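Novice: There's a structure below that I have some questions on.
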Amino acid sequence: MRIKVTALGLAGALALAACGTSAEPQDGPVSLRMTIWTGNEAHLKLFNDIATEYKKTHPNVSVKYDTLPVETYTTTLTTQIAGGNAPDLAWVFESSAPDFVSSGALAPLDNLVKPEEFAPSTTRLWQKDGTLHAYPFSTSPFGVFVNADLLKQAGQSVPAKGWTWEEAVKIASAVQEKTGKAGLVVRDFDYKGWDNLASVWGGWGAEAWSEDGRACGFNKPEMIDAMRFLHKAIFTDKAMPAPGTTADFFAGEAGMTITQISRASLLKDGAFGWDLVTLPTGPKGQYSVIGQAGVGVIKKSKNAQAAADFLSFFTNPDNSAKLAQFFPPPRQPLLTADSLAKSNPLLKPEQLQEVVVDGIAAGRVKPSHAGQAELSQAVRAGLDQLWQPNADVATVMNGVCTAIQPMLAK
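Here the sequence shown stands for residues -23 to -1, 1 to 387, numbered as in mature numbering (1 follows the signal peptide of the UniProt record, and there is no 0).
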């Protein structure tokens, strides 16, 4: 069976693929394949170490991690599932969680972990009818990494807890003016990944859509105010790289970047002095935004039982503590600054407490919705008009809602 994902949509392709019957388990050696998006050497070493440890007690089981390009990850994964080449396990982004969970493409994980071990904010996206369908192994709030050396060159100080978005733009503008480097980079945005801007507009209390997912939020006053602020920061204050300009904070090309603690490993060579601070406060006060990922067992896998067993091992308390170096776990006993500090030697306990522990307790997950792939394309196309100096922000935002409201109301 070969299915064109672009024609059916992500949800349709997953639902149709889930209707098939998985092959009977094979006797003998079992080779599990788990799709992931990361090619980071430190991540891969940790994953492979866990697989090697598992093989000591399961000598007939081998695990291969299949890195897919992040830009086309979900489309490629869905095509594999629909085309009869499904992996056994898959890393699933929060943006596509509603489609994967509701479609039946993922096997239920009833006995993977005791419900009381989860932090309440970590499971909502990954449950259906009270049953967990993917393990939310990474629940990672966004923070701001700061290049202390560049800020010093620009005559600026490392921001303290409680700093504001006005202060952030002032610092970023000074860095750009005094050093020629970029001021503030929202990593993985690059005028394409618009959902990463939730780490900015959250300070205004804005949302992409209503809690029930049926009403567009892009034309609400708080979102328009947030986007006006962002537009001014880009085109007037020169605090952020303009469209067509890229800057890598971890290569020393920017004063600050908004991202998650999984990136901290890129700073281990100590090329410059740095710090990690909370997101700036906005007009609505302090806030936190969470990026989340789950790992699920693909129901069509011929090795679904073995895959579920490995997933149970991959996410047990000991391995979750190791994974916490990059991916904050949902298990409440591990969500303390002291516990996280054991696997995050580059970060201070107070950074872990303020950015991660407190962030998970109070944070909201990045935008996600059934049919997210189609929605995301429509939002990106609408926002394209915003990224020019003379854009009328309110008109652009109204246009975004005109485009996506019919999709939300289905």
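Backbone N, C-alpha and C define an ideal beta-carbon position, used for all residues, glycine too.
These numbers were taken from a predicted model, which means no experiment stands behind them.
Please report the distance separating the alpha-carbon of C378 from that of G348.
Specialist: In the sequence shown, the residue the question calls residue 378 occupies position 401. In the sequence shown, the residue the question calls residue 348 occupies position 371. Answer to the nearest angstrom: the Cα atoms are 16 Å apart.
Novice: Please specify which runs of the beta strand (DSSP E), each continuous and at least 3 residues long, are wholly inside the stretch 320 to 381, giving them in chain order.
Specialist: List check, beta strand (DSSP E) in window: nothing returned.
Novice: For a test of the three-state rule: what should DSSP assign to A63, helix, strand or coil?
Specialist: For the purposes of this step, residue 63 is taken as the residue at position 86 of the sequence shown. If DSSP states are grouped into helix, strand and coil, A63 belongs with coil.
Novice: What does V123 pair with, by DSSP beta-bridge criteria?
Specialist: Position 146 of the sequence shown, counting from 1, holds the residue named residue 123. BP columns for V123 point to M233, D252.
Novice: Note down the Cα distance separating V370 from E30, rounded to an integer number of angstroms.
Specialist: For this step, residue 370 is matched to residue 393 along the sequence shown. For this step, residue 30 is matched to residue 53 along the sequence shown. Between V370 and E30, the C-alpha separation is close to 54 Å.
Novice: Rounded to whole angstroms, what is the Cα-Cα separation between M374 and L243?
Specialist: Residue 374 sits at position 397 when you count from the first residue of the sequence shown. Residue 243 sits at position 266 when you count from the first residue of the sequence shown. Looking at the two C-alpha atoms, the distance is approximately 36 Å.
Novice: Does DSSP put F95 in a helix, in a strand, or in coil?
Specialist: On the sequence shown, position 118 is the one that residue 95 refers to. Looking at F95 - three-state DSSP - the assignment turns out to be strand.
Novice: On the CB-based measure, 16 or more other CB atoms within 10 Å of its CB, does A(-1) come out buried or exposed?
Specialist: Working through the sequence shown from its first residue, we reach residue -1 at position 23. Bear in mind that a pLDDT of 45 at A(-1), under 50, signals an unreliable position, so the model cannot answer this.
Novice: In angstroms with no decimal places, state the Cα-to-Cα distance between A74 and L360.
Specialist: On the sequence shown, position 97 is the one that residue 74 refers to. On the sequence shown, position 383 is the one that residue 360 refers to. Between A74 and L360, the C-alpha separation is close to 23 Å.
Novice: Using the Cα positions of A283 and M384, report the straight-line distance between them to the nearest angstrom.
Specialist: For the purposes of this step, residue 283 is identified with residue 306 of the sequence shown, where counting begins at 1. For the purposes of this step, residue 384 is identified with residue 407 of the sequence shown, where counting begins at 1. If you take the alpha carbons of A283 and M384, they lie about 38 Å apart.
Novice: Are I381 and T116 close, meaning C-beta to C-beta below 8 Å?
Specialist: The residue you call residue 381 lines up with position 404 of the sequence shown. The residue you call residue 116 lines up with position 139 of the sequence shown. No; because the gap between Cβ atoms is not below 8 Å, this pair is not in contact.
Novice: Are there 16 or more other CB atoms within 10 angstroms of the CB of Q237, so buried, or fewer, so exposed?
Specialist: Here the question's residue 237 lines up with position 260 in the sequence shown. Burial call: buried.
Novice: Kindly indicate which residue of Q328, A224, N196, F166 has the alpha-carbon position closest to the one of V47.
Specialist: Counted from its first residue, the sequence shown places residue 47 at position 70. Checked all of Q328, A224, N196, F166; the closest Cα to V47 is F166.
Novice: Which residues share a DSSP beta bridge with F287?
Specialist: Taking the first residue of the sequence shown as 1, we reach residue 287 at position 310. Answer is none; F287 lacks a bridge partner.
Novice: May I ask which residues mark the beginning and end of the beta strand (DSSP E) holding S242?
Specialist: Translated into the one-based positions of the sequence shown, residue 242 becomes position 265. First-last for S242: undefined, no H or E at that position.
Novice: Based on the DSSP secondary-structure assignment, which residues constitute the bridge partners of F195?
Specialist: Within the sequence shown, the letter at position 218 stands for residue 195. According to DSSP, which records beta bridges pairwise, F195 is partnered with nothing at all.
Novice: Ignore the nearest five residues each way along the sequence and tell me which others in A28's own chain have a CB closer than 6 Å to its CB.
Specialist: Here residue 28 refers to the residue found at position 51 when the sequence shown is read from its first residue. Same-chain partners within the cutoff: V40.
Novice: For the beta strand (DSSP E) holding D43, just list the boundary residues, first then last.
Specialist: For the purposes of this step, residue 43 is taken as residue 66 along the sequence shown, with counting starting at 1. From DSSP, the beta strand (DSSP E) with D43 extends over 38 to 44.
Novice: DSSP state of R308, grouped into three classes?
Specialist: Sequence index remark: in the sequence shown, residue 308 carries index 331 (1-based). Strand at R308.
Novice: Buried or exposed for T292, please, with buried defined as at least 16 other CB atoms from any protein chain shown within 10 angstroms of its CB.
Specialist: By 1-based counting over the sequence shown, the position of residue 292 is 315. Buried, since its Cβ has 16 or more Cβ neighbours within 10 Å.
Novice: Considering Q153, what are the terminal residues of the beta strand (DSSP E) in which it resides?
Specialist: Position 176 of the sequence shown holds residue 153. It is not in any beta strand (DSSP E) - Q153 instead sits in the alpha helix (DSSP H) that spans 142 to 156.
Novice: Around the C-beta of G180, are 16 or more other C-beta atoms found within 10 angstroms, so that it is buried, or is it exposed?
Specialist: Translated into the one-based positions of the sequence shown, residue 180 becomes position 203. Buried, by the Cβ-count rule.
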